[in-house]
Structure formats: C-alpha cells, structure tokens
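Asker: Just dropping this structure here.
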Amino acid sequence: MYSEKVMDHFKNPRNVGEVKDYHGKGEMGSTRCGDTMVLTIKVGEGEVIEDVKFQTFGCAAAIASSSMMTEMVLGKTIQEALAMTNNHVAEALGGLPAPKMHCSNLAADALHKAIEDYLKRKEAAAS
Amino acid sequence: MYSEKVMDHFKNPRNVGEVKDYHGKGEMGSTRCGDTMVLTIKVGEGEVIEDVKFQTFGCAAAIASSSMMTEMVLGKTIQEALAMTNNHVAEALGGLPAPKMHCSNLAADALHKAIEDYLKRKEAAAS
Amino acid sequence: MRKVYMDNGATTQVDEQVLEAMLPFYRELFGNPSSLHSFGREVKKALEEAREKAALAINARPEEIYFTSGGTEADNLAVQGVARALKKKGNHIITSAVEHHAVLDVCKAMEEEGFKVTFLPVDEYGMVSPEAFREAVTEETILASIMLANNEVGTLQPIEEISAITREKGIVLHTDAVQAIGNIPVDVGQLGVDLLSLAAHKFNGPKGVGALYVRRGTQVNKVTYGGGQEKKVRPGTENIPGIVGLGKAIELATADVPGKAAHLTFLRDKLIQGLMKIGDVKLNGHPEKRLPGNANLSFAFVEGESLLLSLDMKGVAASSGSACTSGSLEPSHVLLAMGMPHETAHGSLRFSLGKYNTEEDVDYVLEVLPEIVERLRSMSPVARRGKQG
Amino acid sequence: MRKVYMDNGATTQVDEQVLEAMLPFYRELFGNPSSLHSFGREVKKALEEAREKAALAINARPEEIYFTSGGTEADNLAVQGVARALKKKGNHIITSAVEHHAVLDVCKAMEEEGFKVTFLPVDEYGMVSPEAFREAVTEETILASIMLANNEVGTLQPIEEISAITREKGIVLHTDAVQAIGNIPVDVGQLGVDLLSLAAHKFNGPKGVGALYVRRGTQVNKVTYGGGQEKKVRPGTENIPGIVGLGKAIELATADVPGKAAHLTFLRDKLIQGLMKIGDVKLNGHPEKRLPGNANLSFAFVEGESLLLSLDMKGVAASSGSACTSGSLEPSHVLLAMGMPHETAHGSLRFSLGKYNTEEDVDYVLEVLPEIVERLRSMSPVARRGKQG
Ligand SMILES: Cc1ncc(COP(=O)(O)O)c(C=O)c1O
Ligand SMILES: Cc1ncc(COP(=O)(O)O)c(C=O)c1O
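If you're matching them up, the sequences are chains A, B, C and D in order.
The working numbering numbers the first residue of the first sequence as 21 and each following residue consecutively.
The working numbering numbers the first residue of the second sequence as 21 and each following residue consecutively.
The working numbering numbers the first residue of the third sequence as 1072 and each following residue consecutively.
The working numbering numbers the first residue of the fourth sequence as 1072 and each following residue consecutively.
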C-alpha cells in the first residue's frame, strides 16, 4: 500500500520532538480523521529554517508526511518554505494512496502556521 | 438419482417388443414430455394375462416403469391388472424422483387401455 | 471401464498447473486482502496480478475487471446493474431467446420491475439477426445482452455487427462469453462490448469464481451490498484461491486459442461425421459458426436421457436438451427457439469437447453410440412408425 | 522474524484436513452436480453430504441450507430476499447500528426501495436492548436482522430474548452468525431464528463460500436469477470444492466448541490483562458477553493504523477500527455507535484469536506492543497534553 519511502519515514521519523526555544509553532488538526500535528521551528540568519521538529498523532501517512516535510524544509528560507505544498510532500514520499492524500495535508499546513507564528512574534518584538 | 431397481429395468428391460397375435393393444402418449408407449397383451384362460410386451419412447423412468409394469402384470387376471395404478409401479421400482413421477404414468394407463381394447374385441367377437 | 468426459460445456477439469497456483493461497498465504498487515498485503498483490491476467486475456484494463462467484453472478450484475443504473434514460432491454437462464431469467425478472424486454428470435441455426436487432431498437433501449457463444448448440452470435448498432445508438451492450473464453478469440475492443461475463470453471479453472468486464465509464448498480471489495461493486471477502486460479486458467486457456481450436475442431468434425452415419441424425446449430468443441446432434425416435444414461453406462459423459434431463417438463428453450419440434428436441445430445479429449475418446464414442441408438430405437414405438412412414 | 497471526476475525487459515477433503474435487471429482452422468452424480453426493454437515452443525435440516459465495451474499439474500417476499405484509425492518456492512448497507438500500428501517442503538458495550427492540416493533414490521456476535468488539447479542419477541409478533428474524460459528454454540432451534448466515473462511474453511439457513416455510425472494441450483433460490454452478470444504470445516469447528472456547478465553484474558498494564488502555465491548477470541482495546493518544503497522513490522497481524484502516474517513461505525469519542476509536486495536494461536503468541505480543505504544506516544502531541491535563 505504502511506498518504501513512506515506510522508511514511518519507521525512522526524522526530527521528532519540540525545538528548544522555538521561534514559531504551528498546530494543525484534521477534523475529518482526527490526526493532529504540532510543529516547531527555529529561524536563523537570512530567514533560513535552522531547526524543525514535529509531533504527530496520526496514521503512517501522517507521520511520514510530517517527517518528510521536516527534512525538506530544513535549511530552506521561510519564503521557500511557504511555497511548499502538501502535494510536494506527497510527491517526495513517492506518492500516497488516494484515500490517504488528506493525511499529508497536515504537514505543509502546520509548517505554514509555524511560519506565520514566527512572523507574528517577530512583528510583535519589533513593534 | 434413480434407484438400483430403475437402473436394472432400464439396462435390462423385460418384455420388450410386440406380442404376436395380441388380444389387446394400448397406446399412450404424454403430451407433456413427449414420451410414448405401446403395450400389447395376450389373455388366456380365466382372463389371465399370459403374455405382455411393450415399446417405449422415453426416458429411463418411462422405460423402467414400462418394464416393471409388464413384470407385475404377467400372470395376473385382468381384474387384478385393472386395479394396478401408476403409483404401484413407481413403488415397485423403489420410488422415482419427484419430477419423474409423471414418466411412470404411461405404464398403467397403457395397460388399462390394452385391457379395454381386449374387452372391446371380445365383445365385438361375441356379438 | 474407459471413462470419456465430453461434457466440457457443463464444466471442465481443473488444470493441474492451475491447482498448483492456487494451493499456496489455501496454505501459508491465507490472509484477507483488505488487511493492512503482511498477511493481507501479500495476498492483495496476488489478487491484483490475477486481475491483470484476466484483463490481458480479453484486452481490457485491470480496473475494468470485477471478480464474481461465477458466470451467473456476472450475468446478473451486468443486466440488473446496468438496467437499474440507466432506468432514468429508458426502460427497454433487448436480449435473445437462446440466452442462458442466467441472462434470460434476469431479463424476465426485470420485466417485473417495469422494464420492457424484447426476446429476439433466432434462425434455425440459433443465430440472432443484426437486422432484427436494429429493428427492435427503440428510443427507450438502454441495454442489450446477447451471448457470444451458445452453451447448447455452440452457435456464435454476430456480436461485432450488433455492437456497431449499439455504439451508433448509444446502447450498453453486454455479452455472455462464458462458453467462449479459450475456445475462440475474445477481445473486448474488437467485439465492441461494454460488459462481458466469464466463468473460470468453463476453461479448466475452479468452480465458484467468475468475472465481469465493465468498460470504463459504464454505470453498474450494485446487486449486493457490503464491504469495500471490488470497488464496492461486488462486496464480500474475495475468494483468493479461486481468483488466483481464474488468473492462471485464463492465462493458460488464451495462450494458444488457434491451437486449441484446431485440436477441438478436428475431434469434433470426426465425431460429427462418424455419428451422422448412424442415420436419422441431424446436426443442431450452425454448421460453421459454432464453438470448435461443440457437437450437438438429434437422434430421431429416441429420447435424450435414455441416450445419456446408456452412454454413461459405457463411461461416456455427455448432456442433453431433453425435458427429462432439464428437471422441467419442457425440452431445451434453445432447441425450441430454433424451431425444432418437441420430439427432435427430446432426442438431442450434446458432446462438448475439451483440451483433454483425444482421438481415442472420439473413436470410443463412435464405437459405443451406434449400438445404443439401435437398442433404444428397437424399443421405441415411434421408431417403428417412423420407419413405416 | 516470528509471525503471529491474531486477525482471525478477518479470515482464518484453512485447516489442512479441510484442504485434504477439498482436493479430490479439484482433481478427479470435477463434474458438475447437475449432470446426470457418473461425473455429476458422484459430485452431487458430496454436495448433499456437505449440506448435511452444515445442517447438523447448527441443528437445522439439510433442505434448510442454501450455499452461497460467502457471508455477504448470505446476508444480502436474507435481508433483500425476505423484505421483498413480505413487501405486501408490511414495510418495516429492524436492525442494529452495529451490524456488519453486509447487513447495514443492504438495509440502507432497502430504504431506497421504500422500506422503513429502524437502526437500533446499542449501549456502551455494543449491546442491543430487547426492550428497545420490542418498542421498535410496529404493525408494519416484517423482518429483523440482529447479529449473533459482533465482528469488531465481539459483543454477543441477546438473540434468544429477541426471538421471543419476533415469534410472538410474527416477525421473521435473521441473524448474522458469521463470527459465531465454532466460537460459541449455535443452534437455530434454541436461538429461535428463521435465517442465519455463515461464512466458511471464518472457521478455518475456504474463502468464497458461505451458507444461509432458511427455516422451512420462510419465504425468500431470489436476488440473482438463473439455473435450478439450490432450489433456484441461489443459481449458478455450485462451488463444489468450496462447499465440501465448508462441510468439513464446520464439522471440525463445531466438534468441540467448549474446548476451543476455553483455549481462546484463556489466551484472550492473558492478552487483555497484559495489555491493560500499559496504561491508558481501555477494553472495548462487553467484559463477559463477548466472543472468546476477541480482544478489542483502545490505546489513548495513538492512532490505530500506526499501531497496526508497527505491530506488522514485528510480525504481528491485528486490525483496527481507525478511519485510516477502514479506507473511509470515519472510524468504525461500531465504536461510534457505542458512544466512543473519535480519538479513542482511532486508537482501537482488535486482536482476534484463532485455534492456531498459542500462549507464546500472546507472550510475544505482550513483549513487543508496550514499546510500540510508548514510541508512538512519545511522538504524539496529544499524549503530551493528555499527560499534562
Ligand atoms: C452461456 C452460459 N452463461 C452462464 C452460465 C452460468 O455460469 P455458472 O454456472 O458458472 O454460474 C453458463 C454455465 O452454466 C453458461 O454456459
Ligand atoms: C459479522 C460479519 N458478517 C458478514 C461478513 C461478510 O462475510 P464475507 O466477507 O465472507 O462475505 C463478515 C466478514 O467479513 C462478518 O464479520
């Protein structure tokens, strides 16, 4: 059912946990299937994402999407990260079964929320 | 499907053919399944059936019923023969499958016709 | 006693290679393909491989194959499913008078649901006329079901000519190919059909499994409801060993259709020619457009069941269209639709040859049957009259 | 890697004795039971022997057994068949919210045909209340379908109490006993049911074959149409190897139900007790009135599919009611009907034990599952909050 890449990320998820002293935090819940994800990021010089960690309650597709997303986003600028979509994550995983596509939605959405949070905090600090 | 007795009479039908110089002849056709039977008898002293022969176009049940009937009737008086029913024949065969019961109807009916024919001829000869 | 099986139209012997392919799925590969775990996944793979084989054999796409419990269920799903799905478009169905009961009786049931059904007559060879088909079409016609090859007399129907009409008129066309697979080439593209039924046990596969081909985009309502199997069109835990067997059997059966057909045609023609010598014997069905393995003959003055049972006593298995073998009181609806008188229909005998038949089998039948016919005719009052007349 | 199969509710491994009984019918005994010749007759005999075995196992008469292609078809034939046959008497059907989709979805389809259906709610243990059943009965009630044992949580329904009501009111009662056969005693007389479904692959028989018991005198309309098999109620060439397998399997499965149940109960209770130690674990279904082999548990803060796949990586096969394993977006309708919140339903895991399971299997699961739960909880944002709250 799942690609090897999905199973690899499910078995050995990258970047699990919470970034210490994070700069932004995004939380997403799927009302449809009950999955939940919390993402924390640290943004360094040049608006580059220096650290990223996730916690996910969900199926293998949700966990693998979370893990894959963190790998993809690490070292990217927040501009680049904002351009990332759920489809990019699913593609990078070698595709997901059709009924599982929605499970990958959490990942990019939580990322965007974390960046938003980061930008808000920055604004608040600046003002 | 068929009892051993039916198969025995089908394999080795008794009294097939036509009695030479018969005294009575009965012919029956089933309009329902197309079976046809011709029975000839010779009646001796004391109105006893001395000889009987049949010809049948029909299934195994029809042929076995014909054969069984000739065996049952041989040596009987025509009174006794007239009391014989299709059910008696079927019973003597150890029963017939339900959808095959109608195939045994020919036998007793042809017998009764043959006896009728004999009685008519006798009357005609007497008058 | 020598045993000769010439009733391959009723069912066939499972090919040992087919059974070999099935056995692991009764033993270690016993999972349910809906299960996520390894026991399920390995079996799911086999299910999809069988679907690919079935698709390949009839030139369809794997996703167009729906596995069923046999030919009857496939026919029911096709006719009930399409008729109900298209109810709003029209209420007229066209079929033929010589269909198998699995189509004929469904069509009759559809009449009770409010559909109008035309049962097309056939000619003396059992063939439907494309012109008559065209004339039967109305504005209301939504579905037609015409078989590819007749199970009793072996006549092949002009499906390509009929599909030219259904395509022109936008009518969904189903064909019952249960008797055709492995015996004649079957290509859904060339035939131009939208649905096609098949049953594994007619081509040396297992009993209890069949398939319905449904062309992409064709609407089919469910007949049974339940789990999500077969895209919810045909729910129920899949008969995995059976489906794997179907896959293997159809692969083997369609590997060399011309070769098999040539073998069967040779045997069949030898059989027919030999039997015709008995006298007062008539070949039923079309002289050329017939299944390569089908020899259906009428023996005047004798009844089919008596022939059958007498052959059986000699070890030969055949079948008959006589009323007495059908369990009903009427002889075969196919023979009657061909205009055959009742008596002749009663004396019909079908030999259906299969891949395991040999020339020795044919010789044996030619050796024993003449005596049997003679014996039965000697008992028959009809024969006497026949000869006198 | 050690392989532990604990998904016997999904399907079971065919008993080698069952397969042995089937094999001759794939080989030399390949005839069609409708055929008059010896190839047909010897197979017909086996068909009727299997029917006798199935009847004996549930205390029915052989002529009350109709073979089908599985549990789904049996359920469909029962509900569709009886509802349509009794349409003139009334239009109300009673069923429960926790039925298998093979009953639930048929009942929904019946609604579209104009029937009114009451889907009885269940209590937190998944049990239907006989009082609620009685209250649901109307003048129009013709049919009720309440399962004997639930496939997900194993809860046993009070069928005898319900049949007391249906008999009093003249309502036809069907029960889906697919999960019950071989695990609890099943006696149609004692249960007081009029129809009962079963499927061979749930009691170490083959897939693709089941049966419907129909009490003498109960009217059932056909769902599919065709030949004269199974008294025309269920047409199609019989799946003889499958039916023979069903016969052998039900004979073996019902030979010692108390013995099997004791074995399963022992293993199940050890498993449940061991798993409860993990913490934040809840047993779903009735604590006592449940299938001896069913252990359905909810693991808070983790999702079922993740549990399943993690177990699978350790060689353990189980199943889950989580949305992500059902192929739909909703978690199990059974768990929801029991009033379980979505999150808890998502984290449910079903272990269904079978006759081949051993104590070592249970020990192995108790060894690997705690680590898996811990690992997944450590990844879960919900768990953290849960612990905090
Ligand atoms: C032409 C045709 N259609 C349908 C069927 C029904 O197939 P099954 O008996 O496998 O359900 C048969 C065989 O009996 C057949 O010959
Ligand atoms: C309670 C119940 N009913 C019906 C079915 C359907 O049986 P089958 O999948 O064999 O058609 C199942 C099994 O899936 C079941 O557990």
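Positions of the beta carbon are idealized from the N, C-alpha and C atoms, including for glycine.
(1) Which same chain residues end up closer than 7 Å to residue 143/A when comparing Cβ atoms and leaving out the 5 residues on each side of it in sequence?
(2) From the DSSP output, read off the bridge partner residues of residue 49/B.
(3) For residue 124/B, collect the residues of the same chain with a Cβ closer than 7 Å to its Cβ; drop the 5 residues on either side in sequence, then sort them by chain order.
(4) Mind pulling the chain D residues with CB within less than 7 Å of residue 58/A?
(5) Would you list, in chain order, the members of the stretch 67-87 of chain B that have their beta-carbon closer than 7 Å to a beta-carbon of chain C?
(6) Looking at the C-beta of residue 1096/D, does it have a partner C-beta in chain A at a distance below 8 Å?
(7) Since residue 1260/C contacts residue 1234/C with CB under 8 Å, what's their CB separation in whole angstroms?
(8) Who are the neighbours of residue 1085/D on chain C, taking C-beta pairs under 8 Å?
(9) What do you get for residue 1078/D, buried or exposed, if any count of 16 or more other CB atoms within 10 angstroms of its CB means buried?
(10) Of all the options 1141/D, 1267/D, 1156/D, which has the alpha carbon lying nearest to the alpha carbon of residue 1313/C?
(11) What does DSSP give as the partner residues of residue 1367/C in its beta bridges?
(12) Taking any heavy atom of ligand 1 as the mark, which residues have a C-beta closer than 5 Å to it, listed down the chain?
(13) Given a threshold of 16 other Cβ atoms within 10 Å of its Cβ, counted over all protein chains shown, does residue 33/B qualify as buried or as exposed?
(14) Please classify residue 1263/C: does DSSP put it in a helix, a strand, or coil?
(15) Exposed or buried, residue 99/A, counting other C-beta atoms within 10 Å across all chains shown (16 or more means buried)?
(16) Tell me the DSSP bridge mates of residue 1190/D?
(17) So with CB distances below 7 Å, who are the chain C contacts of residue 36/B?
(18) Give the interface partners of residue 31/A over in chain F, defined as CB-CB distance under 8 Å, in chain order.
(19) Answer yes or no: do residue 1317/D and residue 1440/D have a C-beta to C-beta separation smaller than 8 Å?
(20) According to DSSP, simplified to helix, strand and coil, what is residue 1245/D?
(21) Name the chain A residues that come within less than 9 Å of residue 1373/D, Cβ to Cβ?
(22) Using a threshold of 7 Å, is the CB atom of residue 55/B nearer than that to any non-hydrogen atom of ligand 2?
(23) Which whole runs of the beta strand (DSSP E) in the stretch 1168-1239 of chain D are 3 residues long or more, in chain order?
(24) How would you list, in chain order, the residues of chain B whose beta-carbon sits under 7 Å from the beta-carbon of residue 1380/C?
(25) Per DSSP, which one or two residues make a beta bridge with residue 1255/C?
(26) Please classify residue 1184/D as buried or exposed, where buried requires at least 16 neighbouring CB atoms within 10 angstroms.
(27) I believe residue 61/A touches residue 72/A by the beta-carbon criterion, under 8 Å. Please report the beta-carbon distance rounded to the nearest angstrom.
(28) Helix, strand or coil, according to DSSP, for residue 75/A in the structure here?
(29) Should residue 1163/D be flagged as near chain A, meaning a C-beta pair shorter than 8 Å?
(30) First and last residue of the alpha helix (DSSP H) that includes residue 1314/C?
(31) Helix, strand or coil for residue 1078/C per DSSP?
(32) Measuring only the C-alpha atoms, how far is residue 1362/D from residue 104/A?
(33) Kindly list, in the order they appear in chain D, the residues whose Cβ is closer than 9 Å to that of residue 1402/C.
(34) Residue 1280/D and residue 1291/D: beta carbons closer than 8 Å?
(35) By the DSSP assignment, the alpha helix (DSSP H) with residue 1437/C in it spans what residues?
(36) Counting only Cβ pairs nearer than 7 Å, list the residues of chain A close to residue 1414/D.
Answerer: Well, looking at it:
(1) none
(2) 56/B
(3) 81, 85, 106, 109, 110, 116
(4) 1452
(5) 75, 76, 77, 78, 79, 80, 83
(6) no
(7) Going by Cβ atoms, the distance from residue 1260/C to residue 1234/C rounds to 10 Å, so no, they are not a contact pair.
(8) 1097, 1098, 1101
(9) buried
(10) 1141/D
(11) 1355/C, 1421/C
(12) 1141/C, 1142/C, 1143/C, 1171/C, 1173/C, 1222/C, 1247/C, 1249/C, 1250/C, 1270/C, 1307/D, 1308/D
(13) buried
(14) coil
(15) exposed
(16) 1166/D
(17) 1450
(18) The chain inventory of the structure shown lacks chain F, comprising the protein chains A, B, C and D.
(19) no
(20) strand
(21) 77
(22) no
(23) 1187-1191, 1212-1216
(24) 30, 80
(25) 1252/C
(26) exposed
(27) 5 Å
(28) strand
(29) no
(30) 1311-1324
(31) strand
(32) 49 Å
(33) Near residue 1402/C there are no residues of chain D at all, since even the closest Cβ is about 15 Å away, more than 9 Å.
(34) no
(35) 1430-1450
(36) 54
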